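A.B. asks: First the structure, which I've put down as structure tokens, then a few questions once you've had a look.
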């Protein structure tokens, strides 16, 4: 397939190319959620500590967030199709390593390598959409489908993963990626046109190192500070070093002729509102899913498949929200749509503040559905706003900024919410008499550890230990839900203020589109 510009693509070629990109984003989204239901099984088999369990959950998103801007800029330079297919190959190799990891350390490493590979996939898909669909009406529809695919992949994760866990070991959830990646490699090589920035400039390695160090340093400090408090010496030191790296990164981008990330894009309030909304909305959503997956299995006693189906309303709502975003924005305007969706997410997340062990599932399902639908609108609308605010030849870097917010929000959500729950759980756990100090320490690390330790204890000791552990976990989940709700309501207010008086382009409002760059496969 050889074409000179996106404008020469037929409608069939554009939408067929989108189908390939949908396949790619589905893989990455699938990997972000499929692990949640496997955490209890991983706890039982690999016996990670509470901190290791959090790193297993969020190392993928930490590394992904730290590298997205760098990989987005790299895709503008070497070619988005080339980077996408290379990343898909690496993603498959890392999936195999994760599936057969012999211990928690190996699994954390494999998840980090998946993050490196995923960082090459996400910005490539969104920036290729910018090239495939120069017309903003078509692009808005394409982004809606792309966003729905991301949430559909997240929906498939718990359900298919739960089905696998009913019959196979936890590593099987990573093998889900392999057939999809093979199909992606074959169809992508054949169907996707290549595109790149015609004048990309050099890829600044120092900027890459600064962005990676800054993001991971700050997020690590936030995560550990939430879990242990700021008194530990390494937490403030790491935070300051990370913040300093990010400061130097921003100053360097302002000086470079061809920056890794054009930070001047944040002068556009549409861009800032979109990135901020994506970041905070994912803090709420990912944190909620992380703790609720454990709540359903370890507190309510659901089997993995049953828990996956119980979470389905959240992801089904996300698909619907993504597909309806363009219509909602045309009818109510971007400002109202974005702020109202964030507010709805905040109210739905706040419902967790009142959940108990025996709360009716109907309340949880309604909360899931509202959260997911609102997130679908926020995610899709945010991506559209980012691409509308950025010039076409910088689509990779701009898309990476949006995806960085998405993945950083996911990592922060797991880190913050998980750490809040873990801290309250450890402080609230009451260990009955007759339990050894070693067993008590193990049980205090996480609810999964307490369940595992209780299996080896006499019933008269195990039952009160489990009752206390479940009660402490639910109390922590209640507090985390309220924290997530307050953050999301604050994001709604911020988005409302940032978009005041601005005309935010959507499918209903044509924008000036830069001249399409030449491409060739």
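Numbering (our numbering), first residue to last: 492 to 1012. Virtual Cβ for every residue (Gly too), placed ideally from N, Cα, C. This one's a predicted model, so the numbers in the text were calculated from it and none came from an experiment.
Tell me the DSSP secondary structure of residue 684 in three-state form.
C.D. replies: For the purposes of this step, residue 684 is identified with residue 193 of the chain shown, where counting begins at 1. In the displayed model, residue 684 falls within coil according to three-state DSSP, outside both helix and strand.
A.B. asks: Give the secondary structure of residue 535 by DSSP, where H, G and I count as helix, E and B as strand, and everything else as coil.
C.D. replies: For the purposes of this step, residue 535 is identified with residue 44 of the chain shown, where counting begins at 1. Reduced to three states, the DSSP call for residue 535 is helix.
A.B. asks: Is residue 738 buried or exposed, if buried means 16 or more other CB atoms sit within 10 Å of its CB?
C.D. replies: Within the chain shown, residue 738 is the residue found at index 247, counting from 1. So residue 738 ends up on the exposed side.
A.B. asks: Given a cut-off of 8 Å, decide if residue 965 and residue 846 are closer than it, judged by their beta-carbon atoms.
C.D. replies: The count along the chain shown starts at 1 and reaches residue 846 at position 355. The count along the chain shown starts at 1 and reaches residue 965 at position 474. With respect to the 8 Å criterion, residue 846 and residue 965 are classified as neighbours on the basis of their beta carbons.
A.B. asks: Can you list, in chain order, the residues of its chain with a C-beta nearer than 6 Å to that of residue 443? Leave out the 5 residues immediately preceding and following it.
C.D. replies: Outside the displayed span of the chain (492 to 1012) sits residue 443, for which this structure offers no information.
A.B. asks: Out of 533, 783, 532, 831, point me to the one whose CA is closest to residue 805's CA.
C.D. replies: Numbered from 1 along the chain shown, position 314 holds the residue referred to as residue 805. Comparing Cα positions, the closest option is 783.
A.B. asks: Looking only at its own chain, which residues have a Cβ that is under 8 Å from the Cβ of residue 507, when we skip the five neighbours before and after it?
C.D. replies: Residue 507 sits at position 16 when you count from the first residue of the chain shown. So the qualifying residues of the chain are 682.
A.B. asks: Going by C-alpha distance, which of 608, 878, 629 is nearest residue 502?
C.D. replies: By one-based count along the chain shown, residue 502 stands at place 11. It is 629 whose Cα lies nearest to the Cα of residue 502.
A.B. asks: Can you tell which of 946, 517, 877, 722 has its C-alpha closest to the C-alpha of residue 671?
C.D. replies: Position 180 of the chain shown, counted from the first residue, corresponds to residue 671. Ranking 946, 517, 877, 722 by CA distance to the CA of residue 671 puts 517 first.
A.B. asks: Could you tell me which uninterrupted alpha helix (DSSP H) segments, each at least 4 residues in length, are contained entirely in the region 825 to 881, listed from first to last along the chain?
C.D. replies: 825 to 841, 852 to 880
A.B. asks: For residue 1003, does the count of other Cβ atoms within 10 angstroms reach 16, so buried, or fall short, so exposed?
C.D. replies: For this step, residue 1003 is matched to residue 512 along the chain shown. Because the pLDDT of residue 1003 is 36, which lies under 50, any placement of that residue in the model is unreliable, and the number read from its coordinates should be weighed accordingly. Looking at its Cβ environment, which holds fewer than 16 other Cβ atoms inside 10 Å, residue 1003 is exposed.
A.B. asks: Would you say the beta carbon of residue 953 comes nearer than 7 Å to a heavy atom of the ligand ZN?
C.D. replies: Summarising the ligand content, the structure contains no ligands, and the ligand ZN is consequently not present.
A.B. asks: Distance check for residue 677 and residue 791, CA to CA, integer angstroms please.
C.D. replies: Reading the chain shown from its first residue, position 300 is the one you call residue 791. Reading the chain shown from its first residue, position 186 is the one you call residue 677. Looking at the two C-alpha atoms, the distance is approximately 43 Å.
A.B. asks: I'd like to check one pair, residue 534 with residue 858: are the Cβ atoms closer than 8 Å?
C.D. replies: Numbered from its first residue, the chain shown carries residue 858 at position 367. Numbered from its first residue, the chain shown carries residue 534 at position 43. No, the Cβ-Cβ distance between residue 858 and residue 534 is not below 8 Å.
A.B. asks: Specify the secondary structure class of residue 504 as computed by DSSP and reduced to three states.
C.D. replies: Translated into the one-based positions of the chain shown, residue 504 becomes position 13. Helix.
A.B. asks: Thinking just about the alpha-carbon of each residue, which of 566, 732, 976, 817 is nearest to the one in residue 751?
C.D. replies: To locate residue 751, count along the chain shown from 1; it is residue 260. Residue 751 has its Cα closest to that of 566, out of 566, 732, 976, 817.
A.B. asks: Among 557, 593, 613, which one has its Cα closest to the Cα of residue 514?
C.D. replies: Start at 1 with the first residue of the chain shown, and residue 514 comes out as number 23. It is 613 whose Cα lies nearest to the Cα of residue 514.
A.B. asks: How would you call residue 696, buried or exposed, if buried means at least 16 neighbouring beta carbons within 10 angstroms?
C.D. replies: Translated into the one-based positions of the chain shown, residue 696 becomes position 205. Per the 10 Å Cβ criterion, exposed.
A.B. asks: Hey, quick one: how far does the alpha helix (DSSP H) through residue 739 stretch, first residue to last?
C.D. replies: Residue numbering aside, residue 739 sits at position 248 when the chain shown is read from its first letter. Counting along the chain, the alpha helix (DSSP H) containing residue 739 begins and ends at 725 to 746.
A.B. asks: Count the CB pairs spanning the region 740 to 758 and the region 769 to 782 that are closer than 8 Å, and state whether there are at least three.
C.D. replies: no
A.B. asks: So residue 896 and residue 769 are supposed to be a Cβ contact under 8 Å. How far apart are they, rounded?
C.D. replies: Taking the chain shown and counting its residues from 1, the one referred to as residue 896 is at position 405. Taking the chain shown and counting its residues from 1, the one referred to as residue 769 is at position 278. That belief holds up - the Cβ atoms of residue 896 and residue 769 are roughly 4 Å apart, short of 8 Å.
A.B. asks: So is residue 927 buried or exposed if we call it buried at 16+ other beta carbons inside 10 Å?
C.D. replies: In the chain shown, counting from the first residue as 1, residue 927 sits at position 436. Only exposed fits residue 927, as fewer than 16 other CB atoms lie within 10 angstroms of its CB.
A.B. asks: According to DSSP, is residue 937 part of a helix, a strand, or is it coil?
C.D. replies: Against the chain shown, residue 937 aligns to sequence position 446. In the structure shown, residue 937 adopts coil according to DSSP, grouped into three states.
A.B. asks: Using the Cβ count rule (16 or more neighbours within 10 Å means buried), how would you classify residue 864?
C.D. replies: For the purposes of this step, residue 864 is identified with residue 373 of the chain shown, where counting begins at 1. Buried, since its Cβ has 16 or more Cβ neighbours within 10 Å.
A.B. asks: Check whether the region 816 to 836 touches the region 983 to 994, taking contact to mean three or more Cβ pairs, one atom from each stretch, closer than 8 Å.
C.D. replies: yes
A.B. asks: With a threshold of 8 Å, are at least 3 pairs of Cβ atoms found where one atom belongs to the region 540 to 550 and the other to the region 590 to 605?
C.D. replies: In this structure the region 540 to 550 touches the region 590 to 605; the number of beta carbon pairs closer than 8 Å is three or more.
A.B. asks: Please check the pair residue 925 and residue 952, which I expect to be a contact at CB under 8 Å, by giving their CB distance rounded to whole angstroms.
C.D. replies: Residue mapping note: residue 925 aligns to position 434 of the chain shown, counting from 1. Residue mapping note: residue 952 aligns to position 461 of the chain shown, counting from 1. Residue 925 to residue 952, Cβ: 5 Å. Contact.
A.B. asks: Mind checking whether residue 794 and residue 944 have CB atoms under 8 Å apart?
C.D. replies: The count along the chain shown starts at 1 and reaches residue 794 at position 303. The count along the chain shown starts at 1 and reaches residue 944 at position 453. Contact flag unset, no.
A.B. asks: Please report how far the alpha carbon of residue 607 lies from the alpha carbon of residue 554, in whole angstroms.
C.D. replies: As a position in the chain shown, residue 607 is number 116, starting the count at 1. As a position in the chain shown, residue 554 is number 63, starting the count at 1. Cα to Cα, residue 607 sits roughly 6 Å from residue 554.
A.B. asks: Specify whether the region 810 to 825 and the region 868 to 878 touch according to this definition: at least 3 beta carbon pairs, one from each stretch, less than 8 Å apart.
C.D. replies: yes
A.B. asks: Rounded C-beta distance between residue 879 and residue 761? I'm assuming under 8 Å.
C.D. replies: Here residue 879 refers to the residue found at position 388 when the chain shown is read from its first residue. Here residue 761 refers to the residue found at position 270 when the chain shown is read from its first residue. 7 Å between Cβ atoms; contact.
A.B. asks: Return the CA-CA distance between residue 589 and residue 575, expressed in angstroms with no decimal places.
C.D. replies: For the purposes of this step, residue 589 is taken as the residue at position 98 of the chain shown. For the purposes of this step, residue 575 is taken as the residue at position 84 of the chain shown. Taking the straight line from one Cα to the other gives about 21 Å.
A.B. asks: Taking the straight line between their C-alpha atoms, what separation do you get for residue 545 and residue 780?
C.D. replies: As a first step, residue 545 is located in the chain shown; it is residue number 54 there, counting from the start. As a first step, residue 780 is located in the chain shown; it is residue number 289 there, counting from the start. Answer to the nearest angstrom: the Cα atoms are 13 Å apart.
A.B. asks: Taking the beta carbon of residue 851 as the centre, do at least 16 other beta carbons fall within 10 Å, making it buried, or is it exposed?
C.D. replies: Residue 851 sits at position 360 when you count from the first residue of the chain shown. Classification of residue 851: exposed, given that the 10 Å Cβ count is below 16.
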